[in-house]
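Numbering (full-length UniProt numbering), first residue to last: 1 to 280.
For glycine and all other residues, C-beta sits at the position ideal for the given N, C-alpha and C.
Predicted model only: the values in this text are computed from it and were never measured.
As structure tokens, the structure follows; a few thoughts come after it.
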Amino acid sequence: DVKVTKEWEDSAGNDVSAPVDSVKVELYKDGVATGQVQELKSANNWTATFEQLPVSATLGGAAHEYTIKEVGETLNNISLAGKWYGVGYAGSMKEGFTIANKEKTPWAPMIPPTRDVKVTKEWKDSAGNDVSAPVDSVKVELYKDGVATGQVQELKSANNWTATFEQLPVSATLGGEAHQYTIKEVGEISNNIQLAGKWYGVRYEGSMKEGFTITNQEKTPTKPSTPNNPESNKPEVPNTSNNKTLPNTGDGSNVSQYVWIMLTSGVLLMLIGYRRKNQG
1 DVKVTKEWED SAGNDVSAPV DSVKVELYKD GVATGQVQEL KSANNWTATF
51 EQLPVSATLG GAAHEYTIKE VGETLNNISL AGKWYGVGYA GSMKEGFTIA
101 NKEKTPWAPM IPPTRDVKVT KEWKDSAGND VSAPVDSVKV ELYKDGVATG
151 QVQELKSANN WTATFEQLPV SATLGGEAHQ YTIKEVGEIS NNIQLAGKWY
201 GVRYEGSMKE GFTITNQEKT PTKPSTPNNP ESNKPEVPNT SNNKTLPNTG
251 DGSNVSQYVW IMLTSGVLLM LIGYRRKNQG
């Protein structure tokens, strides 16, 4: 006869109750399945016996080698009631066999590591003093490796102007190069933003590990420039006097020449007239 007994253990090796009502074991002779099966269950104290087994094929022949195997196990592993158990065999034909089913520690899938990135908003006046926010809220967007992700957080008084981008993949693959996360205030251009009719400079500080701080500092308004001599910009007043000034022709220096020519012409005309009179 060949006796077989079933034992149940947890992952630490402690005896535990069976997770199922019964299991089956099959008898093998010289490594070949015989088709003979016994059911082990609580009612028979998880023990059964294969009886009246031939010792050898012939009288005085070589003795058979009997072993047993739990039905349904593969490579010493079996799934029962949604859990995996290792299947261990111990004993001999003479002493009987013991099959121990030991629960396996659940396999934990490798989950890529993640990180959180915190961001905080601060408000300052043009002198650098802390001031109240000029708006009810602002939005900040997360960037991964310099590319906008579309993930946006709203910073406002209700959350103390602080928010966190959570569960961000550290890298694209396990053990791969780490992503570089940064943030940007929505609406800012070249580190400047207009809020509530005023212009603010936008300054970024911090890191992924420590968190980022966005400081909005009010810019001093630019005053319009005023001329040194206000009178210089007054329009010219036109001359309304009746004393008209003759245009300067550039011939004033030649007046004496004109007079001399006129006198000479007059004298010549008189001489010509006198000569004609005498000839007549």
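- Under DSSP, no beta-bridge partner is assigned to Thr34.
- Setting aside the 5 residues that flank it on each side, Met93 is surrounded in the same chain by Val2, Tyr66, each with a C-beta closer than 6 Å to its C-beta; the list follows chain order.
- Counting C-beta pairs with one atom in each stretch, the region 147–158 and the region 100–113 have fewer than three that are closer than 8 Å, which means they do not touch.
- As computed with DSSP, Gln217 is found in a beta bridge with Lys124, Gly201.
- Residue state for Ala163 is assigned as strand, using DSSP reduced to three classes.
- Per the DSSP secondary-structure output, Trp8 pairs in a beta bridge with Asn101.
- Using a Cβ distance threshold of 8 Å, Glu177 and Ile214 do not count as a contacting pair.
- DSSP lists Lys139 as the bridge partner or partners of Glu154.
- Annotated as distal: Pro19 and Lys69, with beta-carbon spacing of 8 Å or more.
- Under a 10 Å Cβ-count criterion, Thr5 is classified as buried, with 16 or more other Cβ atoms of the shown protein chains found around its own Cβ.
- In this structure, Val117 places its C-beta atom within 8 Å of the C-beta atom of Leu168.
- Counting of Cβ neighbours within 10 angstroms places Ile189 among the exposed residues, the total staying below 16.
- Ala43 and Ser22 have their C-alpha atoms some 9 Å from each other.
- The continuous beta strand (DSSP E) containing Trp84 extends over residues 83–92.
- Counting only the Cα atoms, Asp145 lies some 58 Å from Lys24.
- Per DSSP, the continuous beta strand (DSSP E) segment holding Lys69 begins and ends at 66–70.
- According to the DSSP assignment, Val23 belongs to the beta strand (DSSP E) that extends over 22–29.
- Around the beta carbon of Ile261, fewer than 16 other beta carbons lie within 10 angstroms, which makes this residue exposed.
- Per DSSP, Thr149 has no beta-bridge partner at all.
- The secondary-structure analysis by DSSP pairs Gln194 across a beta bridge with Trp199.
- Here DSSP, grouped into helix, strand and coil, assigns Asn77 to strand.
- Its chain contains Asp21, Ser22 as the residues whose beta carbon lies nearer than 7 Å to that of Lys41, once the 5 sequence neighbours on both sides are disregarded; these appear in chain order.
- In this structure, DSSP gives Ser171 an extended state, which the three-state scheme calls strand.
- Here Asn192 really is in contact with Trp199; their C-beta atoms are around 6 Å apart, less than 8 Å.
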